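2 protein chains.
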Amino acid sequence: MRIIFFYFFILISIQPLYGQNKVHEIKIKKIFNQALTNGKAYDWLDHLSNQIGGRLSGSLSAERAVKWGNQELLELNLDSVFLENVMVPKWVRGTFEYASIITGPGMSINVPVCALGGSVATPAVGLRAQVIEVYDFDELEALGEKNVRGKFVFYNRAMPADLINTFEAYKKTVDQRSLGATKAARLGAVGVIVRSLNLRMDDYPHTGNMSYGDLPNKMRIPASAISTNGAQLLSSMLSLNDDLYFYLKQDCKNYPDVPSHNVIGEIKGSEYPDEIILVGGHLDSWDLGDGAHDDGAGIVQSMEVLNLFKQMDYQPKRTIRVVLYMNEENGLRGGTTYAENVKRKNDNHIFALESDAGGFSPRGFVFEANEKQFEKIKSWKPYFNPYMIDRFTLGGSGADIGPLRNGKTVLSGLRTDSQRYFDYHHASNDTFEAINKRELELGAAAMTSLIYLVDQYGF
Amino acid sequence: MRIIFFYFFILISIQPLYGQNKVHEIKIKKIFNQALTNGKAYDWLDHLSNQIGGRLSGSLSAERAVKWGNQELLELNLDSVFLENVMVPKWVRGTFEYASIITGPGMSINVPVCALGGSVATPAVGLRAQVIEVYDFDELEALGEKNVRGKFVFYNRAMPADLINTFEAYKKTVDQRSLGATKAARLGAVGVIVRSLNLRMDDYPHTGNMSYGDLPNKMRIPASAISTNGAQLLSSMLSLNDDLYFYLKQDCKNYPDVPSHNVIGEIKGSEYPDEIILVGGHLDSWDLGDGAHDDGAGIVQSMEVLNLFKQMDYQPKRTIRVVLYMNEENGLRGGTTYAENVKRKNDNHIFALESDAGGFSPRGFVFEANEKQFEKIKSWKPYFNPYMIDRFTLGGSGADIGPLRNGKTVLSGLRTDSQRYFDYHHASNDTFEAINKRELELGAAAMTSLIYLVDQYGF
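Top to bottom, those sequences are chains A and B. Here the numbering used here is used: the first residue of the first sequence is 1, the next is one more, and so on. Here the numbering used here is used: the first residue of the second sequence is 460, the next is one more, and so on.
Set out below in structure tokens:
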């Protein structure tokens with residue numbers, strides 16, 4: 001009798017759990033099937049990339065992207081779609097960027113360059129000066145003002161190729177781009193040339209944000225990225241003749257801030273409407289390519305989460321909100337404004353997921369969560385195993401959702417195969433052609449599945 | 460005292476194990492560093508793809524590839540390098556392939572086609588006939604001779620998009636290509652048009668092997684692949700007008716077998732020279748592209764295993780042998796000949812690893828092994844975890860090494876991210892440009908690490 005009673009308890013305690021797991025497994029299979037056979041992400045990205053194109057904050061293209069995002073979300077028949085006002089920086093590349101290595105009287109070799117975002121222009125006639133190559137700030141400081149004054153500083157530290165996660169290689173070299181001009185200017189340099197943050201050897205210069213910090217206006221010097229092939233050529237030339245001259249001309253310019261918007265849409269939760277689950281990416285991009293990977297992919301994947309729920313007639317228990325953030329690239333104003341408004345309104349975000357690692361094959365997710373939260377998340381790994389997207393780790397989630405960090409809200413980022421990311425990052429080859437439809441769709445399906453589980457279980 | 464004694468035992472029993480693990484961990488880290496910063500795989504593949512190009516068995520290009528492989532292995536200073544004679548089929552595409560949908564008198568639309576490998580030619584003036592579209596052989600049989608005789612059979616079953624492993628999607632559709640002509644010929648069809656085995660919608664026709672089996676020569680009908688866009692167009696046209704005509708002309712031809720070679724090189728083992736560890740891929744490719752992914756990648760990755768051992772001054776305990784197999788694509792003569800010679804000479808292969816899944820990001824390995832062997836292999840997974848290449852499963856290994864299957868030798872295949880593989884497979888866009896250097900190198904490093912562990916531990 002006791003034995004029968006015991007078995008009975010096992011049955012009622014395990015069976016429902018197994019049943020529930022099976023339900024989720026089937027639901028997630030449906031999500032993947034739907035994304036791979038009937039999703040909207042790829043066509044959306046085609047439009048965003050090819051009909052709208054590069055969409056730097058403050059540009060007319062960025063405003064077209066806002067209108068497009070708003071319109072597409074309206075067509076999903078969400079419970080609400082609205083714009084959030086954000087003031088954004090406005091920097092324009094201008095019409096002309098040009099550089100050459102001057103190897104002798106009347107002799108020069110053109111090299112591919114692009115102004116770094118936020119940089120000042122050169123004088124209208126351009127800048128001509130000697131070049132000093134440095135590996136890092138330590139070497140620069142050791143050289144001191146006497147060796148630097150009046151010259152271009154050429155930062156030529158390559159992204160380390162031996163790191164498996166290429167974002168780590170980026171972190172180890174991005175200081176040259178972001179702070180290089182300020183450091184060099186303080187030692188009297190006239191401009192900086194920065195090796196593109198690219199693991200390939202090719203002819204594409206890669207832009208990206210830089211800042212002068214509190215450097216007085218009159219001390220600000222032009223900053224330009226040079227392609228990896230160009231950097232290698234310049235370095236090789238310098239090794240033969242260290243009093244080479246370099247010529248740079250660029251006419252980029254900073255303007256006062258202008259108004260723009262985050263685009264927001266949501267499906268109201270049926271049971272816990274006040275618990276918000278956020279998914280998003282950034283709508284702005286750099287101006288060189290069409291921003292298909294950075295971060296058009298994240299935008300359409302985030303929109304796809306709500307689209308798939310609608311297509312599958314899934315009514316979430318909690319409120320699912322998509323945010324198309326403005327101005328991640330050169331200011332993070334969308335992210336900070338959104339978080340300020342959340343705080344002001346005391347909105348309760350239980351989870352925020354960002355996709356901003358390119359539309360490549362998804363490998364898993366990274367989480368900012370406490371131990372108890374992460375234990376729950378890890379229990380979901382088996383659902384992602386059949387799709388090979390079950391690498392769940394703790395770590396930094398995403399720039400736009402970063403300002404929501406409060407020790408309670410779980411933050412997460414989609415992690416993709418990172419090997420090809422920096423081939424395209426911030427360069428003119430970041431275009432729709434570099435997107436694989438299935439890889440993009442698998443990312444969207446993984447995100448939808450994770451959001452589904454968070455909606456089912458909460459935190 | 461007993462407690463101290465006990466701890467002492469723990470120390471001496473665990474410490475060495477830990478130490479050995481650490482040694483392997485460091486060695487594997489070095490293998491990855493070396494492959495990513497100083498490997499030869501990418502430059503080799505550049506040469507094989509761009510200087511030699513497509514290398515179908517029996518072609519002059521295939522012989523150039525044999526010479527090149529032999530020469531490159533000689534330059535690695537291996538203990539021996541030799542050629543193994545193999546007789547291979549010779550099929551040539553000819554100079555002309557052309558197809559159109561005839562929509563009315565004097566009106567036609569050209570569609571991209573390519574002859575399937577092994578197909579016979581059309582008559583010199585081409586073939587003009589009505590078209591009947593079928594989903595599979597069941598539908599074909601149900602239609603029967605009365606509906607098929609005198610027509611083209613158009614096999615239009617798309618690779619299913621909802622399968623995560625695209626090789627499974629391939630398996631579910633490849634019968635159309637391999638057996639479609641024979642099935643249709645037996646019902647009186649004049650030719651077959653097969654939808655390309657490609658998950659993308661694009662304009663590339665994908666070739667691949669087909670066979671007439673024991674079908675008498677006079678019954679053999681031409682077989683051609685049509686691009687996915689072309690297939691969709693033809694299907695759409697047929698839905699509007701089912702007595703459309705289709706025109707096909709191709710002048711491919713089968714010749715008698717010709718001699719060719721497997722290229723083999725090895726480093727003799729210092730402790731167990733008679734235990735052979737094999738690594739390989741196939742040197743032949745289809746003729747449309749330059750075979751960079753299929754299987755130039757596998758060739759240079761296999762050569763890289765021995766190169767890295769040489770560069771790192773690693774003296775293996777067992778004999779490490781690289782085999783560049785000839786004729787995987789349309790005959791598997793290299794694989795069968797090699798295995799016959801192994802059997803004849805009674806050579807002891809403890810392990811064989813094939814790379815033939817494209818030069819994409821590696822995800823893990825598949826093994827043909829018994830339970831005890833697989834337990835040992837699984838204990839190595841932690842070494843591959845930092846590189847995200849730790850998906851170890853049981854399953855089919857590789858075509859070339861398949862004939863070595865004897866229930867004792869462990870067979871293995873590198874498993875890559877398969878999402879993009881069929882975008883290029885057997886088509887003219889399978890070129891060096893579609894290769895990412897780091898993805899290729901990571902595969903080579905993973906293979907070298909696995910071979911290293913097998914060499915250390917044996918089976």
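Positions of the beta carbon are idealized from the N, C-alpha and C atoms, including for glycine. Bear in mind that the values here come from a model prediction, so they are computed numbers and not experimental data.
Query raised in the report: For B/L901 versus B/W839, is the C-beta distance shorter than 7 Å?
Result: As a working mapping, residue 901 of chain B is identified with position 442 in the second sequence. As a working mapping, residue 839 of chain B is identified with position 380 in the second sequence. No, they are not a contact pair.
**Report entry** Continuous beta strand (DSSP E) stretch holding A/D274: start and end
**Finding:** Taking the first sequence and counting its residues from 1, the one referred to as residue 274 of chain A is at position 274. Boundaries of the beta strand (DSSP E) harbouring A/D274: Y272 to H282, taken from the DSSP string.
Query raised in the report: Taking only beta-carbon atoms, is A/S49 less than 7 Å away from chain B?
Result: Position 49 of the first sequence, counting from 1, holds the residue named residue 49 of chain A. Taking Cβ atoms only, chain B never reaches closer than 7 Å to A/S49, which makes this a no.
Query raised in the report: Less than 7 Å separating the beta-carbons of A/L45 and A/G296?
Result: As a position in the first sequence, residue 45 of chain A is number 45, starting the count at 1. As a position in the first sequence, residue 296 of chain A is number 296, starting the count at 1. It is a contact, given that the beta carbons lie within the stated cut-off.
**Report entry** Ranges of the alpha helix (DSSP H) found wholly within the stretch 40-81 of chain A, counting only runs of at least 4
**Finding:** 41-46 and 60-74
Query raised in the report: With DSSP run on the structure shown, which of helix, strand or coil describes B/M546?
Result: By one-based count along the second sequence, residue 546 of chain B stands at place 87. Here B/M546 sits in strand by DSSP.
Query raised in the report: Per the contact definition of three or more C-beta pairs closer than 8 Å, is the stretch 734-754 of chain B in contact with the stretch 876-892 of chain B?
Result: Inter-segment contact for the stretch 876-892 of chain B and the stretch 734-754 of chain B is present: three or more beta-carbon pairs are separated by less than 8 Å.
Query raised in the report: By how many angstroms is the C-alpha of B/K677 removed from the C-alpha of B/V579?
Result: One-based indexing of the second sequence puts residue 579 of chain B at position 120. One-based indexing of the second sequence puts residue 677 of chain B at position 218. Distance between the alpha carbons of B/V579 and B/K677: 10 Å.
Requested in this report: Under 9 Å between beta-carbons, which chain A residues line up against B/F491? List them in chain order, please.
Outcome: In the second sequence, the residue the question calls residue 491 of chain B occupies position 32. Chain A residues near B/F491: D162 and I164.
**Report entry** Burial state of B/M460 (16 or more Cβ within 10 Å)
**Finding:** The residue you call residue 460 of chain B lines up with position 1 of the second sequence. Per-residue confidence for B/M460 stands at a pLDDT of 39, beneath the threshold of 50, marking its modelled position as unreliable; no derived number is given.
Query raised in the report: Using the beta-carbon of each residue, which ones in chain B are nearer than 9 Å to A/Y387?
Result: One-based indexing of the first sequence puts residue 387 of chain A at position 387. Those within 9 Å of A/Y387 in chain B are I623.
Requested in this report: Step through the CB atoms of chain B and report whether any lies within less than 7 Å of the CB of A/T228.
Outcome: Here residue 228 of chain A refers to the residue found at position 228 when the first sequence is read from its first residue. Answer no: the Cβ-Cβ gap between A/T228 and chain B never drops below 7 Å.
Query raised in the report: Between the Cα of A/I264 and the Cα atoms of A/T409, A/C252, A/F82 and A/E72, which residue gives the shortest distance?
Result: As a working mapping, residue 264 of chain A is identified with position 264 in the first sequence. Among A/T409, A/C252, A/F82 and A/E72, the Cα nearest to that of A/I264 belongs to A/F82.
Query - Contact between the stretch 820-832 of chain B and the stretch 771-786 of chain B (3+ Cβ pairs under 8 Å) - result: Short answer: they don't touch.
Report task. With a cut-off of 8 Å on the beta carbons, I'd call A/A223 and A/L140 a contact; round off their distance for me. Result -> For the purposes of this step, residue 223 of chain A is identified with residue 223 of the first sequence, where counting begins at 1. For the purposes of this step, residue 140 of chain A is identified with residue 140 of the first sequence, where counting begins at 1. Going by Cβ atoms, the distance from A/A223 to A/L140 rounds to 14 Å, so no, they are not a contact pair.
Query - A/D313 in three-state terms, based on DSSP - result: Position 313 of the first sequence, counting from 1, holds the residue named residue 313 of chain A. Reduced to three states, the DSSP call for A/D313 is coil.
Query raised in the report: When DSSP labels each residue in this structure, what does B/N844 get in the three-state scheme?
Result: Taking the first residue of the second sequence as 1, we reach residue 844 of chain B at position 385. In the structure shown, B/N844 sits in a helix (DSSP, three-state: H, G or I).
Query raised in the report: Around the Cβ of B/Q479, are there at least 16 other Cβ atoms within 10 angstroms (buried) or fewer (exposed)?
Result: Here residue 479 of chain B corresponds to residue number 20 of the second sequence, with the count starting at 1. The residue in question, B/Q479, is exposed, as its Cβ has fewer than 16 Cβ neighbours within 10 Å.
Query - Exposure of A/V23, with buried meaning 16 or more beta-carbon neighbours within 10 Å - result: Within the first sequence, numbered from 1, the residue matching residue 23 of chain A stands at position 23. Exposed, since its Cβ has fewer than 16 Cβ neighbours within 10 Å.
Query raised in the report: Whose C-alpha, out of A/N147, A/N341, A/D203 and A/I102, is nearest the C-alpha of A/N241?
Result: For the purposes of this step, residue 241 of chain A is taken as residue 241 along the first sequence, with counting starting at 1. With distances taken between Cα atoms, A/N241 lies closest to A/I102.
Query raised in the report: For A/R93, which of helix, strand or coil comes out of DSSP?
Result: By one-based count along the first sequence, residue 93 of chain A stands at place 93. For A/R93, the three-state secondary structure derived from DSSP is coil.
Query raised in the report: What are the complete beta strand (DSSP E) segments, minimum 3 residues, inside the stretch 555-607 of chain B?
Result: 556-563, 566-569, 572-574 and 586-593
Report task. Measure the Cβ-Cβ separation of A/Y204 and A/Q176 and say whether it is below 7 Å. Result -> Your numbering for residue 204 of chain A matches position 204 in the first sequence. Your numbering for residue 176 of chain A matches position 176 in the first sequence. The answer is no: Cβ separation not under 7 Å.
Query raised in the report: Is it true that the stretch 859-868 of chain B meets the stretch 625-640 of chain B, where meeting means three or more beta-carbon pairs spaced less than 8 Å apart?
Result: no
**Report entry** Three-state secondary structure (DSSP) of B/L656
**Finding:** Translated into the one-based positions of the second sequence, residue 656 of chain B becomes position 197. Correct three-state label for B/L656: coil.
Report task. Take B/S655 and list the residues in its own chain whose beta-carbon comes closer than 6 Å to its own, dropping the five residues that flank it on each side. Result -> Locating residue 655 of chain B in the second sequence gives position 196, where the first residue counts as 1. Once the five neighbours on either side are set aside, the close Cβ partners of B/S655 are P664, H665, A684, S686 and T687.
Report task. Give the range of the beta strand (DSSP E) segment to which A/D455 is assigned. Result -> Translated into the one-based positions of the first sequence, residue 455 of chain A becomes position 455. Here A/D455 belongs to no beta strand (DSSP E); instead the alpha helix (DSSP H) covers K437 to Y457.
Requested in this report: Compare the C-beta of B/L495 with all C-beta atoms of chain A and state if any pair is closer than 7 Å.
Outcome: Stepping through the second sequence from its first residue, residue 495 of chain B is reached at position 36. By this cut-off, B/L495 is an interface position.
Query raised in the report: The beta strand (DSSP E) with A/N348 in it runs from where to where?
Result: Taking the first sequence and counting its residues from 1, the one referred to as residue 348 of chain A is at position 348. N348 to E354 is the span of the beta strand (DSSP E), which, as asked, contains A/N348.
Query raised in the report: Below 7 Å between beta carbons: does that hold for B/P775 and B/D914?
Result: As a position in the second sequence, residue 775 of chain B is number 316, starting the count at 1. As a position in the second sequence, residue 914 of chain B is number 455, starting the count at 1. The answer is yes: Cβ separation under 7 Å.
Requested in this report: At 9 Å on the CB atoms, spell out the chain B contacts of A/L199, in chain order.
Outcome: On the first sequence, position 199 is the one that residue 199 of chain A refers to. Chain B residues near A/L199: K896 and R897.
**Report entry** Three or more C-beta pairs below 8 Å linking the stretch 327-339 of chain A and the stretch 411-418 of chain A
**Finding:** Short answer: they don't touch.
Query - 7 Å Cβ cutoff, A/R333 in contact with chain B - result: Counting from one through the first sequence, the residue named residue 333 of chain A turns up at place 333. Taking CB atoms only, A/R333 has no neighbour in chain B less than 7 Å away.
Report task. Determine the closest residue to B/N606 out of B/M618, B/A617, B/V593 and B/D621, with distance taken between C-alpha atoms. Result -> Reading the second sequence from its first residue, position 147 is the one you call residue 606 of chain B. Comparing Cα-Cα distances from B/N606 to each of B/M618, B/A617, B/V593 and B/D621, the minimum goes to B/V593.
Query raised in the report: If contact means a Cβ-Cβ distance below 8 Å, which residues of the stretch 399-429 of chain A contact chain B?
Result: D417, Q419, R420 and D423
Requested in this report: Please state whether DSSP places A/K249 in a helix, a strand or coil.
Outcome: Along the first sequence, one-based indexing puts residue 249 of chain A at 249. Strand.
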